[in-house]
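Step one of this worksheet: look at the structure below.
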Amino acid sequence: MRRLKLIAILFLVPALIFASGSKERNEDVTTVTIWHSNSGLLEDAFSHLVDQFNESHEDIKINAVYQGAANDVLTSVNAAALAGSGLPDIAQLDATAGLDMMYAPYLVTVEELGIDTSNLIDSAYAAYDSQRGHIGVPFNASSLMFYYNADLFKAAGVSVPRTLDEFIQVAPVLYEKTGVYAFSGVPTTYELVTFLGSQNGGTFITDNRNGHDGVSNKVLFDENGTFKTFLEKWKALYDTKAVNNLTSGVSNAFYSGQCASMLASSSSLSTAIENTEGLFELGIAFVPIVNEEATGGVNIGGGCLAALNNSNAVKEVIEFMISPESQAYWTESTGYMPVNRKTIESEEWKEFIKDNPLFSVALEQALSSSDKVIGLWIPSAYQVYYSFQSTIASVLTDEISIDEAVKNMADMINANLKEYARQNG
Amino acid sequence: MSAKSEKRGYLYVLPAVVLVAVFSYYPFLKAFVSSFFIENQMGELTAFAGLENYKALIGNEFFIQSVKTTFLLAVIFIPVNTVLTLLGATLVRRKSRFNEVIGSVYIIPLAFSMSLFALILKQILSPTNSIINRIFHLNVVWLNDRTSALASIIILCVFLDFALDYVLLLSAFRKIERNIIEASLIDGTNEWQRYFMIELPLIVPTLVMTIFIALKDILLISAPIMLMTEGGPFRSTESVMFYYYIEAFKGHNKATENTISVITVLFSALLLAVYSLIQKRRRHA
Numbered sequence: 036m037r038r039l040k041l042i043a044i045l046f047l048v049p050a051l052i053f054a055s056g057s058k059e060r061n062e063d064v065t066t067v068t069i070w071h072s073n074s075g076l077l078e079d080a081f082s083h084l085v086d087q088f089n090e091s092h093e094d095i096k097i098n099a100v101y102q103g104a105a106n107d108v109l110t111s112v113n114a115a116a117l118a119g120s121g122l123p124d125i126a127q128l129d130a131t132a133g134l135d136m137m138y139a140p141y142l143v144t145v146e147e148l149g150i151d152t153s154n155l156i157d158s159a160y161a162a163y164d165s166q167r168g169h170i171g172v173p174f175n176a177s178s179l180m181f182y183y184n185a186d187l188f189k190a191a192g193v194s195v196p197r198t199l200d201e202f203i204q205v206a207p208v209l210y211e212k213t214g215v216y217a218f219s220g221v222p223t224t225y226e227l228v229t230f231l232g233s234q235n236g237g238t239f240i241t242d243n244r245n246g247h248d249g250v251s252n253k254v255l256f257d258e259n260g261t262f263k264t265f266l267e268k269w270k271a272l273y274d275t276k277a278v279n280n281l282t283s284g285v286s287n288a289f290y291s292g293q294c295a296s297m298l299a300s301s302s303s304l305s306t307a308i309e310n311t312e313g314l315f316e317l318g319i320a321f322v323p324i325v326n327e328e329a330t331g332g333v334n335i336g337g338g339c340l341a342a343l344n345n346s347n348a349v350k351e352v353i354e355f356m357i358s359p360e361s362q363a364y365w366t367e368s369t370g371y372m373p374v375n376r377k378t379i380e381s382e383e384w385k386e387f388i389k390d391n392p393l394f395s396v397a398l399e400q401a402l403s404s405s406d407k408v409i410g411l412w413i414p415s416a417y418q419v420y421y422s423f424q425s426t427i428a429s430v431l432t433d434e435i436s437i438d439e440a441v442k443n444m445a446d447m448i449n450a451n452l453k454e455y456a457r458q459n460g
Numbered sequence: 003m004s005a006k007s008e009k010r011g012y013l014y015v016l017p018a019v020v021l022v023a024v025f026s027y028y029p030f031l032k033a034f035v036s037s038f039f040i041e042n043q044m045g046e047l048t049a050f051a052g053l054e055n056y057k058a059l060i061g062n063e064f065f066i067q068s069v070k071t072t073f074l075l076a077v078i079f080i081p082v083n084t085v086l087t088l089l090g091a092t093l094v095r096r097k098s099r100f101n102e103v104i105g106s107v108y109i110i111p112l113a114f115s116m117s118l119f120a121l122i123l124k125q126i127l128s129p130t131n132s133i134i135n136r137i138f139h140l141n142v143v144w145l146n147d148r149t150s151a152l153a154s155i156i157i158l159c160v161f162l163d164f165a166l167d168y169v170l171l172l173s174a175f176r177k178i179e180r181n182i183i184e185a186s187l188i189d190g191t192n193e194w195q196r197y198f199m200i201e202l203p204l205i206v207p208t209l210v211m212t213i214f215i216a217l218k219d220i221l222l223i224s225a226p227i228m229l230m231t232e233g234g235p236f237r238s239t240e241s242v243m244f245y246y247y248i249e250a251f252k253g254h255n256k257a258t259e260n261t262i263s264v265i266t267v268l269f270s271a272l273l274l275a276v277y278s279l280i281q282k283r284r285r286h287a
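If you're matching them up, the sequences are chains A and B in order. The first sequence stops at residue 460 when you use our numbering, and every number in between is there. The second sequence stops at residue 287 when you use our numbering, and every number in between is there.
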């Protein structure tokens, strides 16, 4: 029995130490915990902002906790909410959180928190608009961009395509003259929000404003023909045989000069510059438009800061993060675009753009985009992402017709929406 | 056994029983009950659903696809793994200095963490800069096509399971009593006869165990797929557990979560019963 007691003591002692530690905190200081998704280069920049805030504030301290990718932050938030304790004060989330946050009882909307948003760029702020108010303020804003290898375009003697029709003309010339694919990748949800959403000056993909005004009941892309219009153009592009249906390692293929262009988030710009330096001249342009009526532009993605606790300290931290100075530092060190209009008007930014012209393209595209083009908030987003990809690939390789593809995707998403309604309705 | 030592015996198994009850049996019972109800995202049971949840699961083409993929993985992986590990253990079963060196090489995979090796393998097979393709002058777009993606998952699994299975089989070979081998030598058997008629039958219980371990690994496979292919290309390499992961953790689909849990536990119990039956019959034979 003595040995048992000894074992029990050995287990209890560390437990006591863990239980009693870390409680020595100054009571005048409010700690604001942020769960964020910034790693590597982004984490350095984010830590800098956090340090800056902590140094300039006596009574509020930020406790920044890295939780993995944006979707992992959401998983952790959902888990903490289910457990009933341990929620952070602020969470950095992306569009995949929209559906959950719209119904989350613990979410504090931007309106409830009372943050001044008058200086925020409209399309960036609109991305987080929901039926109960804005679920967060944009912090790390990005959008889809067309990245191209300027050396290859020059060698082929072609200009950067403005429309998909132009791309269909340009692609075979590129392929013939340079021997590399004109484009690599298979469009999926992210690209489609732009390719479908931009049509007719701004179109919704599902009803209830892409699910922002409550869970969607059905898709709209089958009735309004936007998916068909896009597929016809993309099929014509693929039929030039200058497109490679790569689904993984697309950016590596682009950096190593194995394809002349790709579609990627503007947040990859810093990485792209780093990876192509000394190899070739990198170019960045607006996403080619589907047709002349597709003037809606792109949706603003990236991430937002969502408040999960209503306090003045939380408000102060969020206001600091979207202030013109913080946004200037953040965007210049990461490649995200500033969400604050005052940042863009500042001399510092103008100076920065002069030295780094590529950084202004994403912002120009965002400023000319309609705030009707917004992210898709639907259940089973992950499954939909892969279904779009495989359905489009099957159309390209002639396994199914365009009409079948539209029907299959509409059926699949509608079934998901019905299943979600069955369980949560 | 005295009453006191019996009591102490129960005391020793108590922690394990508590852990299993809290982390295995209770969640299973909860999932089992919930699988017949509508459960919303906050975990509240809102209505009785009967078999609706199971119907929705069976009617989902991606679930059916994941069952097929898991079955395919099992059918390919288990024979490949069994033959390779048996071959490895067979070759070094006699004690010699050379065999000890080779044996140590075989155990090295145990020192790797799975994710580390998966990431290295992913780089080796990277679609654009594949070293394998360069060395063997191949033009395979690994991981971008279903067959090669499945093959790469199986390569990873063999690497991960090899060391453990090898150690088990080797110890089984070495546990064979010398006098049996010696008796057969006196009877004038040759090397092949000794291997196939004496040594192999004697290690069959261990071999069956490694096969069932492999079966369990495939039934529960998710992490290697998460790391190597993320279920792609085009959702073609999703196993049942990976499908469960994306439905439960990415999609918060409670119905799928509960029904797959129940089906997997019941299927595992069935396999365990088959395993016990096989081992029991062998003992009585």
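Beta carbons are placed, not taken as given, at the ideal position from N, Cα and C, and that holds for glycine. The structure presented is a predicted model; accordingly, all values stated were derived computationally and were not measured.
Through-space distance from residue j to residue i, alpha-carbon basis
{"i": "Met180 of chain A", "j": "Leu298 of chain A", "result": "6 Å"}
{"i": "Val276 of chain B", "j": "Tyr14 of chain B", "result": "29 Å"}
{"i": "Ile262 of chain B", "j": "Lys57 of chain B", "result": "12 Å"}
{"i": "Asp242 of chain A", "j": "Ala440 of chain A", "result": "20 Å"}
{"i": "Val20 of chain B", "j": "Arg10 of chain B", "result": "16 Å"}
{"i": "Ser173 of chain B", "j": "Ile109 of chain B", "result": "13 Å"}
{"i": "Ser429 of chain A", "j": "Arg244 of chain A", "result": "29 Å"}
{"i": "Arg283 of chain B", "j": "Thr432 of chain A", "result": "53 Å"}
{"i": "Gly233 of chain B", "j": "Asp274 of chain A", "result": "27 Å"}
{"i": "Tyr138 of chain A", "j": "Leu88 of chain B", "result": "55 Å"}
{"i": "Tyr455 of chain A", "j": "Lys32 of chain B", "result": "21 Å"}
{"i": "Pro173 of chain A", "j": "Leu155 of chain A", "result": "8 Å"}
{"i": "Met136 of chain A", "j": "Ala363 of chain A", "result": "28 Å"}
{"i": "Gln489 of chain A", "j": "Ile409 of chain A", "result": "For chain A, the structure presents residues 36 to 460; residue 489 of chain A sits outside this window and is missing."}
{"i": "Val264 of chain B", "j": "Ser381 of chain A", "result": "60 Å"}
{"i": "Gly249 of chain A", "j": "Ala151 of chain B", "result": "39 Å"}
{"i": "Ser106 of chain B", "j": "Val82 of chain B", "result": "21 Å"}
{"i": "Ala23 of chain B", "j": "Pro17 of chain B", "result": "10 Å"}
Three-state secondary structure assigned by DSSP to residue i
{"i": "Asn1 of chain B", "result": "It is not possible to answer for residue 1 of chain B, since the shown part of chain B is limited to 3 through 287."}
{"i": "Ser278 of chain B", "result": "helix"}
{"i": "Asp94 of chain A", "result": "coil"}
{"i": "Met297 of chain A", "result": "strand"}
{"i": "Val215 of chain A", "result": "coil"}
{"i": "His254 of chain B", "result": "coil"}
{"i": "Glu41 of chain B", "result": "strand"}
{"i": "Ala537 of chain A", "result": "With chain A running from 36 to 460 in the structure shown, residue 537 of chain A is simply not present."}
{"i": "Gly391 of chain A", "result": "A quick correction: the sequence has Asn, not Gly, at residue 391 of chain A. Reduced to three states, the DSSP call for Asn391 of chain A is coil."}
{"i": "Ala18 of chain B", "result": "helix"}
Interface partners of residue i on chain A, CB under 9 Å
{"i": "Ala257 of chain B", "result": "Glu454, Arg457 and Gln458"}
{"i": "Arg237 of chain B", "result": "Gln418, Tyr421, Ser422, Gln424 and Ser425"}
Residue i: contacting residues in chain A (beta-carbon distance under 8 Å)
{"i": "Ile248 of chain B", "result": "Tyr417 and Gln418"}
{"i": "Ser128 of chain B", "result": "Gly284 and Asn287"}
{"i": "Gly1 of chain B", "result": "Chain B is shown only over 3 to 287; residue 1 of chain B falls outside these bounds and no answer can be derived."}
CB contact below 8 Å: residue i versus chain A
{"i": "Phe65 of chain B", "result": "no"}
{"i": "Gln43 of chain B", "result": "yes"}
{"i": "Ile40 of chain B", "result": "yes"}
{"i": "Tyr12 of chain B", "result": "no"}
Cβ pair residue i, residue j closer than 8 Å
{"i": "Ser219 of chain A", "j": "Leu272 of chain A", "result": "no"}
{"i": "Ser296 of chain A", "j": "Asn184 of chain A", "result": "yes"}
{"i": "Val470 of chain A", "j": "Leu340 of chain A", "result": "Shown here, chain A extends from 36 to 460; a query on residue 470 of chain A therefore has no answer."}
{"i": "Leu122 of chain A", "j": "Ala115 of chain A", "result": "yes"}
Chain-ordered chain B contacts of residue i [CB-CB under 7 Å]
{"i": "Pro414 of chain A", "result": "Gly253"}
{"i": "Ala295 of chain A", "result": "Ordered by position in chain B, no residue passes the 7 Å Cβ test against Ala295 of chain A, which lies about 14 Å from the chain."}
{"i": "Asn113 of chain A", "result": "His254"}
{"i": "Thr110 of chain A", "result": "Phe251"}
Test: residue i CB closer than 8 Å to a CB of chain B
{"i": "Asp446 of chain A", "result": "no"}
{"i": "Ala424 of chain A", "result": "Checking the sequence shown, residue 424 of chain A turns out to be Gln, not Ala. True, the Cβ-Cβ gap to chain B drops below 8 Å."}
{"i": "Leu117 of chain A", "result": "yes"}
{"i": "Ala363 of chain A", "result": "no"}
Contact list for residue i against chain A, beta-carbon separation under 7 Å
{"i": "Ala225 of chain B", "result": "The premise fails here: Ala225 of chain B is roughly 15 Å from chain A at the closest Cβ pair, so nothing lies under 7 Å."}
{"i": "Ala58 of chain B", "result": "Glu454"}
Chain-ordered neighbours of residue i on chain B, where CB pairs are closer than 9 Å
{"i": "Ala428 of chain A", "result": "Pro235 and Phe236"}
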